[in-house]
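Visitor: In the numbering used here, the protein residues as written are 3 to 498. Let me give you the structure first, and then I'll get to my questions.
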């Protein structure tokens, strides 16, 4: 009986050992199976993880060239938008892309296009150059500007196309309106602009290229721009069967000159042109300083009309409003000299101006390389020698030397407040008013019908001893007629 009991105990111990052995075997097998399935993306309680060998990946992971990020503490996969400690933004795709980090171009369901740095994944903001094209990405959203005009703080306007890049050069919209954007900066052109050798006008608000007739609302100037190309008209053009004349700056000449001045650059022609307004033009404060007259070839009909319409009681002080309408009625002293210089220096209307206040004329002309300035000291050392064509000036007046007499007095052309453009004579350098020049001035001014109507002063101040003189370079004005060796009497006889 004792042997049987011992036998059962041995069998019991054997079964217990077998049970634990079996249990241990089952436990190990379950763990191995579970570990084998924990690889790749897994969703647990609505959150995504990535396992490698049963362990959650934390931080950055690169799979098949795509980057993913998992929370460094929990291993939860980052999806949608994220921001780093420096404020840089990333985006992790969610729809069918398993949350990899966006790089390059990305357009969302609302048609917003963004660009993420291909290396870092940072969302691009503000200006960026991508594949040699410029883009602007709004700071807050990172969306690229698209099909929109943007104007910066400096009032520079740019346009971003439907493909988001900044426009450059010519651009035409659906309405066939043309604009031009600077090839380097993208700035939209406004106002008058030269592109190549041609001039265009772009409206200041819209930037649209002008075509056809355009009028400057402030000054009343008219321009014409080719309906097809937009190129500004200059010179003589036939438009709808009618001829028009435009200056080199495009302004339509609405007051064609009645007398054409010669442009051959000689001393004689300079003086002959300067004589054209004598007895035809009154003194008007500011006259000749407006662009249309300062760059006019020949006499303006308005000068003669104003001259003829006034009486001997004319007083320029009643017409000092400096409006352009008033300025166009005549000339003042520096307006006359500037106009005279223009006649010889330019071949047609609309060129650069040669008009300034009287005290600046010497530096203006010498600065252009046209000649030199002669001071009072130099005149005195030359025994007051003056030459035909010399331009005298001081801070209040300016005049042109027609010629010098044997007594050193000079016949001059100038525009005086008394009556306008006239011939006058100076006293001798010593101040004698019974000079040869004054007598010559009286003789030749008497030939003009207005001499008895207006208060012409054939005797002038002693300008020989007052102010400086501009003297032409011979390379600027030649002297084939020998005027530099003639007296005032000989020159007047030749001109008249």
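For each residue, glycine too, the CB sits at the ideal point set by N, CA and C.
Which stretch, first to last residue, makes up the beta strand (DSSP E) that contains residue 423?
Guide: Counting from 1 along the chain shown, the entry for residue 423 is found at position 421. 422 to 427 is the span of the beta strand (DSSP E), which, as asked, contains residue 423.
Visitor: Does DSSP put residue 227 in a helix, in a strand, or in coil?
Guide: Position 225 of the chain shown, counted from the start, is the residue given in the question as residue 227. In the structure shown, residue 227 sits in a strand (DSSP, three-state: E or B).
Visitor: Can you give the Cα-Cα distance for residue 153 and residue 188, rounded to whole angstroms?
Guide: Looking up residue 153 in the chain shown gives position 151. Looking up residue 188 in the chain shown gives position 186. Straight-line Cα distance between these residues: approximately 11 Å.
Visitor: Excluding sequence positions up to five away, which residues of its chain have a Cβ less than 6 Å from the Cβ of residue 147?
Guide: Within the chain shown, numbered from 1, the residue matching residue 147 stands at position 145. Counting only Cβ-Cβ distances below 6 Å, and skipping sequence neighbours, we find 138, 162.
Visitor: With which residues is residue 189 paired in a DSSP beta bridge?
Guide: As a working mapping, residue 189 is identified with position 187 in the chain shown. BP columns for residue 189 are empty, so no partner.
Visitor: Would you tell me roughly how many angstroms separate the C-alpha atoms of residue 453 and residue 277, rounded to the nearest one?
Guide: Your numbering for residue 453 matches position 451 in the chain shown. Your numbering for residue 277 matches position 275 in the chain shown. Their backbone Cα atoms lie some 15 Å apart in a straight line.
Visitor: Would you call the region 296 to 306 and the region 364 to 383 in contact, with 3 or more CB pairs under 8 Å?
Guide: Too few Cβ pairs lie closer than 8 Å, so no.
Visitor: Could you check if residue 218 is buried or exposed, using at least 16 other CB atoms within 10 Å of its CB as the buried criterion?
Guide: Position 216 of the chain shown, counted from the start, is the residue given in the question as residue 218. Under this definition residue 218 is an exposed residue.
Visitor: Taking 8 Å as the cut-off, does the region 333 to 341 touch the region 279 to 294 (at least 3 CB pairs, one atom from each stretch)?
Guide: Flag = yes, the region 279 to 294 and the region 333 to 341 touch.
Visitor: Contact check, residue 369 vs residue 397 under 8 Å by CB: the rounded distance?
Guide: Translated into the one-based positions of the chain shown, residue 369 becomes position 367. Translated into the one-based positions of the chain shown, residue 397 becomes position 395. Actually they do not touch by this definition, with Cβ atoms about 18 Å apart.
Visitor: So what's residue 431 in DSSP terms, helix, strand or just coil?
Guide: Stepping through the chain shown from its first residue, residue 431 is reached at position 429. It is coil, neither helix nor strand.
Visitor: Under a three-way DSSP split, which group does residue 408 fall into?
Guide: Position 406 of the chain shown, counted from the start, is the residue given in the question as residue 408. Of the three classes helix, strand and coil, the one that applies to residue 408 here is coil, per DSSP.
Visitor: Going by Cα to Cα distance, which pick from 47, 326, 407 is closest to residue 221?
Guide: The count along the chain shown starts at 1 and reaches residue 221 at position 219. Nearest C-alpha to residue 221: 326.
Visitor: Pairing CB atoms from the region 238 to 251 with CB atoms from the region 267 to 275, are three or more of them under 8 Å?
Guide: They do not touch, by the three-pair rule.
Visitor: Work out the CA separation of residue 399 and residue 393 for me, nearest whole Å.
Guide: Here residue 393 refers to the residue found at position 391 when the chain shown is read from its first residue. Here residue 399 refers to the residue found at position 397 when the chain shown is read from its first residue. Whole-angstrom Cα-Cα distance: 11 Å.
Visitor: By DSSP, does residue 467 sit in helix, in strand, or in coil?
Guide: Within the chain shown, residue 467 is the residue found at index 465, counting from 1. Residue state, collapsed to three classes: helix.
Visitor: Cutting at 8 Å between CB atoms, please list the residues of its own chain near residue 206, excluding the five before and the five after it.
Guide: Counting from one through the chain shown, the residue named residue 206 turns up at place 204. Only 192, 193 meet the Cβ criterion.
Visitor: Relative to the C-alpha of residue 364, which candidate in 349, 268, 477, 469 has its C-alpha closest?
Guide: Start at 1 with the first residue of the chain shown, and residue 364 comes out as number 362. Out of 349, 268, 477, 469, 469 has the C-alpha closest to the C-alpha of residue 364.
Visitor: Let me confirm a value: residue 486 is counted as buried when at least 16 other C-beta atoms fall within 10 Å, else exposed. Which label applies?
Guide: As a working mapping, residue 486 is identified with position 484 in the chain shown. Looking at its Cβ environment, which holds fewer than 16 other Cβ atoms inside 10 Å, residue 486 is exposed.
Visitor: Looking only at its own chain, which residues have a Cβ that is under 7 Å from the Cβ of residue 359, when we skip the five neighbours before and after it?
Guide: Within the chain shown, numbered from 1, the residue matching residue 359 stands at position 357. So the qualifying residues of the chain are 336.
Visitor: Given a cut-off of 9 Å, decide if residue 232 and residue 159 are closer than it, judged by their beta-carbon atoms.
Guide: Here the question's residue 159 lines up with position 157 in the chain shown. Here the question's residue 232 lines up with position 230 in the chain shown. Not a contact, by the Cβ cut-off of 9 Å.
Visitor: Go through its chain and collect everything with a Cβ distance to residue 419's Cβ below 6 Å, but skip five positions before and after it.
Guide: Along the chain shown, one-based indexing puts residue 419 at 417. Closer than 6 Å at Cβ, skipping near neighbours: 285, 318.
Visitor: Can you tell which of 488, 43, 479, 103 has its C-alpha closest to the C-alpha of residue 269?
Guide: The residue given as residue 269 occupies position 267 in the chain shown. Checking every option, the nearest Cα to that of residue 269 belongs to 479.
Visitor: Determine the contact status of residue 422 and residue 283, defining contact as a CB-CB distance below 9 Å.
Guide: Stepping through the chain shown from its first residue, residue 422 is reached at position 420. Stepping through the chain shown from its first residue, residue 283 is reached at position 281. The answer is yes: Cβ separation under 9 Å.
Visitor: Taking the alpha carbon of residue 57 as the point to measure from, which residue in 64, 197, 43, 226 has its own alpha carbon closest?
Guide: Taking the first residue of the chain shown as position 1, residue 57 is located at position 55. Selected option, being the one with the closest Cα: 43.
Visitor: Taking Cβ to Cβ, would you say residue 267 is nearer than 9 Å to residue 346?
Guide: If you number the chain shown from 1, residue 267 lands on position 265. If you number the chain shown from 1, residue 346 lands on position 344. Going by C-beta atoms, residue 267 is nearer than 9 Å to residue 346.
Visitor: Thinking just about the alpha-carbon of each residue, which of 447, 229, 433 is nearest to the one in residue 242?
Guide: Sequence index remark: in the chain shown, residue 242 carries index 240 (1-based). Taking only the C-alpha atoms, the option nearest residue 242 is 229.
Visitor: Counting C-beta neighbours from all protein chains within 10 Å, is the total for residue 24 16 or more, i.e. buried, or is it exposed?
Guide: Sequence index remark: in the chain shown, residue 24 carries index 22 (1-based). Any answer about residue 24 is weak, because its pLDDT of 46 lies below 50 and its placement is not dependable; what the coordinates show is given next. So residue 24 counts as exposed.
Visitor: Can you tell me the Cα-Cα spacing of residue 213 and residue 441, whole angstroms?
Guide: If you number the chain shown from 1, residue 213 lands on position 211. If you number the chain shown from 1, residue 441 lands on position 439. Rounded to whole angstroms, residue 213 to residue 441 spans 58 Å at the Cα level.
Visitor: Assuming residue 106 is part of the beta strand (DSSP E), what are its boundary residues?
Guide: Stepping through the chain shown from its first residue, residue 106 is reached at position 104. 106 to 109 is the span of the beta strand (DSSP E), which, as asked, contains residue 106.
Visitor: Return the CA-CA distance between residue 33 and residue 114, expressed in angstroms with no decimal places.
Guide: Your numbering for residue 33 matches position 31 in the chain shown. Your numbering for residue 114 matches position 112 in the chain shown. Low confidence applies to residue 33: its pLDDT is 44, below 50, so where it sits in the model is not reliable, and the reading given next is rough at best. One C-alpha to the other measures close to 49 Å.
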